[in-house]
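The sequence shown begins at 198 in this note's numbering and counts up by one.
Just so you know, even glycine gets a beta-carbon here, dropped at the ideal spot from N, CA and C.
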Amino acid sequence: MSDSIIKLVDDLPTGGITVSALRALDFVVPGEWNNLVGFENTVREITGEEKSKKIQKISERALWIYNDESQGYQDAIWTYQSLDKADAALGAAAMANKIGEKISFLSFLNKLTPSADTTQAIDLSIKIVAELVAFCKLNGMPTMDSLGDFSAALAEEYSGPSLMRMVALVCFDGLIPLGPDFVNRVGDIIGGMSSAGLQQNPLFQRVNNLIPGDGTQGKLDFIGNSFDAVRGWMSNLVSSRGLDPQMIIDSLQNFVDIADDKLDYLAAFIDMTTNYFEHTGVQTVARRLILQAAEEV
Numbered sequence: 198m199s200d201s202i203i204k205l206v207d208d209l210p211t212g213g214i215t216v217s218a219l220r221a222l223d224f225v226v227p228g229e230w231n232n233l234v235g236f237e238n239t240v241r242e243i244t245g246e247e248k249s250k251k252i253q254k255i256s257e258r259a260l261w262i263y264n265d266e267s268q269g270y271q272d273a274i275w276t277y278q279s280l281d282k283a284d285a286a287l288g289a290a291a292m293a294n295k296i297g298e299k300i301s302f303l304s305f306l307n308k309l310t311p312s313a314d315t316t317q318a319i320d321l322s323i324k325i326v327a328e329l330v331a332f333c334k335l336n337g338m339p340t341m342d343s344l345g346d347f348s349a350a351l352a353e354e355y356s357g358p359s360l361m362r363m364v365a366l367v368c369f370d371g372l373i374p375l376g377p378d379f380v381n382r383v384g385d386i387i388g389g390m391s392s393a394g395l396q397q398n399p400l401f402q403r404v405n406n407l408i409p410g411d412g413t414q415g416k417l418d419f420i421g422n423s424f425d426a427v428r429g430w431m432s433n434l435v436s437s438r439g440l441d442p443q444m445i446i447d448s449l450q451n452f453v454d455i456a457d458d459k460l461d462y463l464a465a466f467i468d469m470t471t472n473y474f475e476h477t478g479v480q481t482v483a484r485r486l487i488l489q490a491a492e493e494v
């Protein structure tokens, strides 16, 4: 890793589109996410420690733990970062597809890019896999055998930046691009996909090395199993909060300048301009590191 965890947390933005988009989702899980920025400030907030020397010791221990590659923290960060880098390219592809639909003389783009629904379904499903992989790295679990543990943790233990990341996944990668029935639509798309179709997907091509499974078919099976493990949680989140696409869009428009006539492009715009997966991922890793370090000093 080129940057230390301290630098990653220190460099997190306090504003911008990513932060604004996440703040727009506060109504879904009120008060759950606080945009903690700066490593020393994060140590203080998480531990309640005020003594400078103790904060310094915790920070030094956290850095030592992070640099120990066997702990899995660096792998978790790499997973979060890889998804957002690939997501920007995905957003560009989806945007090209939308332009092809809207402008007749650019319709050839539809022959060059995947359909927006298929692209978004794969995007959402692979992000679930990435979250599972990062969860297993942070907990020292084997990825292939931990679907049940991940599903239980999501329902019972996820909070703070981890919960906000999954809420953003549901809202930005599910509800907005695919509608209120996105869980069934994604299930149908992934369930009907061939290994050849997955192999041609640009997002899969960029991040297939982080997806467990034997060959493309094995990876496709794992993607489907990972999605099935959390579909109940996603459906419950939508129904229990009464969420729908317009509700998310209305809240977003309070924080981000979005024109009403550009809503068709909104999902692609979010993919291209935000890195909510990495942003909240860094905060998740920092939280886990600081709690572990505080126990050890």
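Endpoints, the alpha helix (DSSP H) within which residue i is located
| i | result |
| --- | --- |
| Met341 | That residue, Met341, is in no alpha helix (DSSP H); it is neither H nor E in DSSP. |
| Pro358 | Gly357 to Val367 |
| Leu321 | Ala313 to Asn336 |
| Ser249 | Ser249 to Asn264 |
| Thr215 | Ile214 to Arg220 |
| Glu237 | Phe236 to Thr244 |
| Gly384 | Phe379 to Gly388 |
| Phe401 | Pro399 to Val404 |
| Gly394 | Ser392 to Gln396 |
| Ile408 | Here Ile408 belongs to no alpha helix (DSSP H), and DSSP marks it neither H nor E. |
| Asp207 | Ile202 to Asp207 |
Among the options, nearest to residue i - alpha-carbon criterion
| i | options | result |
| --- | --- | --- |
| Ala464 | Leu372, Glu353 and Glu328 | Leu372 |
| Ala352 | Arg220, Ala426, Leu440 and Gly337 | Ala426 |
| Thr470 | Glu237, Lys282, Ser267 and Gly235 | Lys282 |
| Ile274 | Val364, Leu366 and Phe474 | Phe474 |
| Glu242 | Lys250, Ser249, Lys248 and Leu233 | Leu233 |
| Cys333 | Ser348, Val380 and Lys251 | Ser348 |
| Leu395 | Asn381, Phe379 and Lys416 | Lys416 |
| Trp230 | Met363, Val380, Phe424 and Leu440 | Met363 |
| Glu354 | Lys254, Val453, Trp430 and Asp370 | Trp430 |
| Gln443 | Pro377, Ser423, Asn398 and Asn422 | Pro377 |
| Leu360 | Ser392, Asp272, Asp265 and His476 | His476 |
| Val326 | Ala490, Ser423 and Leu219 | Ser423 |
| Ser267 | Asn336, Thr211, Val216 and Asp207 | Asn336 |
| Ile387 | Ile319, Leu329 and Thr481 | Ile319 |
| Ile203 | Lys250, Val225 and Gln271 | Gln271 |
| Ala221 | Glu492, Gln317, Asp454 and Ser392 | Asp454 |
| Phe236 | Gly228, Thr215, Pro210 and Pro227 | Pro210 |
| Gly478 | Lys251, Asn238, Leu366 and Gly245 | Leu366 |
**OP:** Would you mind listing the alpha helix (DSSP H) stretches within the stretch 419–493 that are 4+ residues and don't spill past its ends, in chain order?
**Re:** 442–450, 463–470 and 473–493
**OP:** Tell me, please, whether the stretch 249–258 touches the stretch 483–491 by the rule of three or more beta-carbon pairs shorter than 8 Å.
**Re:** yes
Subject >> Three CB pairs or more closer than 8 Å across the stretch 337–345 and the stretch 390–404 >> reply: no
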